[in-house]
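There are 2 protein chains.
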Amino acid sequence: MARTAIKTLKPGPALELNVQAAKSAATRARLIDATIRCIIKHGYSRTTTPRVAEEAGMSRGAMLHHFENGSALMQAAIAELHEKRLRAFRQSAGSSVHEVHTLVRAYWKQISGQTFTAFHELALASRTDKDLANILVPAQEEFRVRWYLQAIELFPEWQGDRARFDLALALSQNVLEGMAINRLTHGLDERMVEPILIDLERQIEALKPLPKKV
Amino acid sequence: MARTAIKTLKPGPALELNVQAAKSAATRARLIDATIRCIIKHGYSRTTTPRVAEEAGMSRGAMLHHFENGSALMQAAIAELHEKRLRAFRQSAGSSVHEVHTLVRAYWKQISGQTFTAFHELALASRTDKDLANILVPAQEEFRVRWYLQAIELFPEWQGDRARFDLALALSQNVLEGMAINRLTHGLDERMVEPILIDLERQIEALKPLPKKV
DNA sequence: GCAAAAACAATCATGATTGTCTTTTATTTT
DNA sequence: AAAATAAAAGACAATCATGATTGTTTTTGC
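Taken in sequence, the protein lines are chains A and B.
Residues 1 to 214 in the working numbering are what the first sequence lists, from first letter to last.
Residues 1001 to 1214 in the working numbering are what the second sequence lists, from first letter to last.
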């Protein structure tokens, strides 16, 4: 591999250690992105291999060169979606702000995006698709666990009353995700979003233990 | 028709005014039920005409005699699901009990059933299926409107503060439906259901205007 | 009874999706 | 420069869902 750079004096490819590997990685990424876009645009069940190939702008033959079959591609897409979610999550939680308001808004913004749409498409499909469930459920559980652990880190003073802490988390999760899913299915009155968010924040604050000194 | 009874001395069919009409209606009902069961068992996208025919225990040819094509059957199934929802809803609301607790539990029980599962399958599918949306969205909207009007009837004393009333309704809807959907997708911790329900009831009570006299 | 109509069953042609296989083109490697 | 390897495209057969067509049995109305 090192010899390649010495031998070819031409510019361009000479600088890369391995043009093929880079090209392959880029193509795989293109395919994974196309898969995610298809899930968002057409839904899981209509995310077919010809459609993904078309969305990625390449032949189906080329596609199947990089992923041995359709479900290998889907598996990679799920892994990428999971990473996306975790990245967005870390970004939200890591910003050193521990205020309820900020965190509620951050999670709301996150699940208002298309990544959540794609995830819910997969989650509902996995209800009746065992193979898909086997891939997806571990990712869902890891996310929930990290969510919970991160919340514990953010609110250490709350750990004395675990029941109220758990309730605040469960409430947040179900209200926000409920709104997000209802929005996907013509079931959300947008005018109610802001009042509900405000109420949720108020309620979480009410569940917090009183600080010993202000 | 009357002559038939005279002619055939055998019991059974003689008593019905029109055997064919009854048979046809029964067969159509069987097909519609089979369609709903398929949506619940296999999901919307895997509810195919051969599968429905098999579930109904008849040939696909017979099936297509009663419904000109697959989407006509789906349309009938959606109408039936809509009726089911409205019936369950009327039963809940009509039981002359106007307590928050009772109503919350009634709606929770309702959306914990399979009818809601089927409806959410359809609702999410309609996100990316325009034809399905054209059939489904009107039913969804009618249900929401009736839900709202029924709530107004049940809580006339609340109408002075419409903002708080609307908030209570929107909260109920999103919390309960959020839980129901999360339960469908491995996202609900069953241990949190009861605490969330209790909290929701408490919060709705808190939003109610104070009665002038106790 | 008997002809018409309805219920039911079976088959056919079409289009879509899937995975495999072969061919062509580009890139490494020696 | 030639052989080897990887990327990309295309062709292929198998499966499945769909709607239409045809044939068979049962019910209906005279």
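Backbone N, C-alpha and C define an ideal beta-carbon position, used for all residues, glycine too.
Outcome for residue i when other beta-carbon atoms lying within 10 angstroms are tallied against a minimum of 16
i                 : result
Leu132 (chain A)  : buried
Ser96 (chain A)   : exposed
Leu1188 (chain B) : buried
Ala180 (chain A)  : buried
Glu1121 (chain B) : buried
His1082 (chain B) : buried
Asn1182 (chain B) : buried
Glu55 (chain A)   : buried
Gln140 (chain A)  : buried
Ala1125 (chain B) : buried
Ala118 (chain A)  : buried
Leu149 (chain A)  : exposed
Leu1169 (chain B) : buried
Leu1210 (chain B) : exposed
Ala1021 (chain B) : exposed
Ala1093 (chain B) : buried
Arg1191 (chain B) : exposed
Ala25 (chain A)   : exposed
Arg90 (chain A)   : exposed
Residue i at chain A interface by Cβ criterion, 7 Å
i                 : result
Thr1049 (chain B) : no
Met1058 (chain B) : no
Gly1070 (chain B) : no
Leu1184 (chain B) : yes
His1042 (chain B) : yes
Ala1170 (chain B) : yes
Met1179 (chain B) : yes
Ser1112 (chain B) : no
Pro1195 (chain B) : yes
Gln1140 (chain B) : yes
Arg1127 (chain B) : yes
Leu955 (chain B)  : Absent from the model: residue 955 (chain B). The displayed extent of chain B is 1001 to 1214, so no value can be given.
Leu1167 (chain B) : yes
Val1137 (chain B) : yes
Arg1202 (chain B) : no
Cβ separation of residue i and residue j, assumed to be a contact under 8 Å, to the nearest whole Å
i                 : j                 : result
Gly43 (chain A)   : Arg1127 (chain B) : 7 Å
Ala77 (chain A)   : Ile32 (chain A)   : 5 Å
Leu154 (chain A)  : His101 (chain A)  : About 13 Å; that fails the 8 Å criterion.
Gln1075 (chain B) : Ile1135 (chain B) : 5 Å
Thr268 (chain A)  : Met63 (chain A)   : As shown, chain A starts at 1 and ends at 214. That puts residue 268 (chain A) outside it, with no answer to give.
Thr1027 (chain B) : His1066 (chain B) : 6 Å
Lys208 (chain A)  : Trp147 (chain A)  : That pair is no contact at about 18 Å.
Leu1171 (chain B) : Ile196 (chain A)  : 6 Å
Val1038 (chain B) : Arg1051 (chain B) : For the sequence presented, residue 1038 (chain B) should be read as Cys rather than Val. That pair is a contact at about 6 Å.
Ala978 (chain B)  : Gln1110 (chain B) : The requested residue 978 (chain B) does not occur in the structure, where chain B is confined to residues 1001 to 1214.
Ser59 (chain A)   : Ala53 (chain A)   : 6 Å
Ala1072 (chain B) : Thr185 (chain A)  : Contact doesn't hold; Cβ gap of about 23 Å is too wide.
Any C-beta of chain B under 7 Å from that of residue i
i                : result
Pro209 (chain A) : no
Leu124 (chain A) : yes
Ile36 (chain A)  : no
Arg105 (chain A) : no
Arg85 (chain A)  : no
Asn174 (chain A) : yes
Met192 (chain A) : yes
Ser45 (chain A)  : yes
_Any contact between the region 160-168 of chain A and the region 106-122 of chain A? By contact I mean 3 or more CB pairs, one from each, below 8 Å._
no
*asked:* I'd like the ranges of any alpha helix (DSSP H) spanning at least 4 consecutive residues and lying wholly in the region 1108-1174 of chain B.
replied: 1114-1125, 1130-1154
*Does the region 1169-1189 of chain B come close enough to the region 1198-1211 of chain B to have 3 or more Cβ pairs within less than 8 Å?*
yes
*Whole runs of the alpha helix (DSSP H) within the region 14-58 of chain A, excluding any shorter than 4 residues*: 19-42, 49-56
*asked:* For a minimum of 3 consecutive residues, which ranges assigned as the beta strand (DSSP E) are wholly contained in the region 79-106 of chain A?
replied: none
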